[in-house]
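Novice: Below is a structure I'd like to ask you about.
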Amino acid sequence: MRTSKATRVRSLGAAAVVAVALVAAGCGSSSTPGSTSSAAAGGGGGYGSSAASSTASAKSVSIKTAQRAGKTYLTDSAGRSVYLWTADSRDSSKCSGACASAWPPLVTKGQPTASSGARPAMLGTISRGNGTRQVTYDGHPLYYFAGDTGPGTTSGEGSNGFGAKWWLVAPAGSAVTTGSGAAPASSSSSSGGGW
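Numbered per my numbering, the sequence shown spans residues 22 to 216.
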C-alpha cells in the first residue's frame, strides 16, 4: 500500500511540473528565434531540465535507439527520449525562453556519437545564442521534455506546445507520428515548420 501511495505522489509531482510548464507556455516568450536564456541551456526544473544540465557539462553525448509500443525512436545514452519540434527549420532552433524551459535543448561540448541503430552521418550540432552547441539529427535540433520522468518516458509525444507539434525522432530522421512507423516532419503539423 505504501508503494502505491509513493507512486501516486511521484505521479502528482510529475503532473505538477507539466502544469507549471503549460502555464509558462501560456505566458509566451519575448525572446527572438535563435536567442537563448539560461533556461535554454538546460536550466529550470523537471527531469528533462536536469538531464540537459548534466549533458551540457558532458564532453559529448551519444544518441541511440529505443523501442516502445511498436515505435523505434531516438534517446540519449541513458535512455532519455529526445524530440524534434516542427516549428524549427533545418539546422536552426526557434525554441528559447519559456519554450526552452519546458523543452530543454540537448547540448554537448564535444562531437555527438551514435550507437544502437542511430546513424552517425545524421548527427551534427548547431550554435545557440548563448554559445552552447545543440545536437541535431538529420538537421532537426533535438530536445528533452521537462515533463518526462525518466528513461523510457515519452510524455511529450504529440504535444502542441508553443504553437507546433513535438515528436519523437525515428532513426531515419523523420518524426514518429504513429505507433509503428514514421512520417516526415513536414506532414506532421498543419502549423508549418518541418522540411
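Virtual Cβ for every residue (Gly too), placed ideally from N, Cα, C.
No experiment lies behind these values; they were computed from the predicted model shown.
Taking Cβ to Cβ, would you say Y94 is nearer than 9 angstroms to T199?
Specialist: No, Cβ-Cβ distance for Y94 and T199 is not below 9 angstroms.
Novice: Go through its chain and collect everything with a Cβ distance to A139's Cβ below 7 angstroms, but skip five positions before and after it.
Specialist: The answer, listed in chain order, is I84, K85, T86, L95 and P192.
Novice: P126 bridges to which residues according to DSSP?
Specialist: Paired residue(s): Y164.
Novice: Is DSSP giving A196 helix, strand or coil here?
Specialist: If DSSP states are grouped into helix, strand and coil, A196 belongs with the strands.
Novice: Throw me the rounded Cβ distance for the P133 and V82 pair, which I believe falls under 8 angstroms.
Specialist: About 5 angstroms separates the two Cβ atoms, so the contact holds.
Novice: Identify, in the order they occur along the chain, each residue of the same chain with its Cβ nearer than 7 angstroms to the Cβ of S148, setting aside the five sequence neighbours on each side.
Specialist: So the list reads R154, once near-sequence residues are dropped.
Novice: How is G184 classed by DSSP in three states: helix, strand or coil?
Specialist: Of the three classes helix, strand and coil, the one that applies to G184 here is helix, per DSSP.
Novice: Closest by CA to P162, which one among G100, G184, S110 and G173?
Specialist: Minimum Cα distance to P162 is reached at S110.
Novice: Report the rounded CA-to-CA distance for S114 versus R101, giving the unit in angstroms.
Specialist: Cα to Cα, the separation comes out at about 20 angstroms.
Novice: Can you tell me the Cα-Cα spacing of G91 and W188, whole angstroms?
Specialist: Straight-line Cα distance between these residues: approximately 15 angstroms.
Novice: Taking the beta carbon of K186 as the centre, do at least 16 other beta carbons fall within 10 Å, making it buried, or is it exposed?
Specialist: By the neighbour-count rule (16 or more Cβ atoms within 10 Å), K186 is buried.
Novice: Taking the alpha carbon of A108 as the reference point, which residue from P172, T146, G171 and Y164 has its own alpha carbon closest?
Specialist: Among P172, T146, G171 and Y164, the Cα nearest to that of A108 belongs to Y164.
Novice: Tell me where the beta strand (DSSP E) around S83 begins and ends.
Specialist: It spans S83 to R89 - the beta strand (DSSP E) in which S83 sits, taken as one unbroken run.
Novice: Taking only the alpha-carbon atoms, compute the straight-line gap between G145 and G131 and give it to the nearest angstrom.
Specialist: Distance between the alpha carbons of G145 and G131 is about 10 angstroms.
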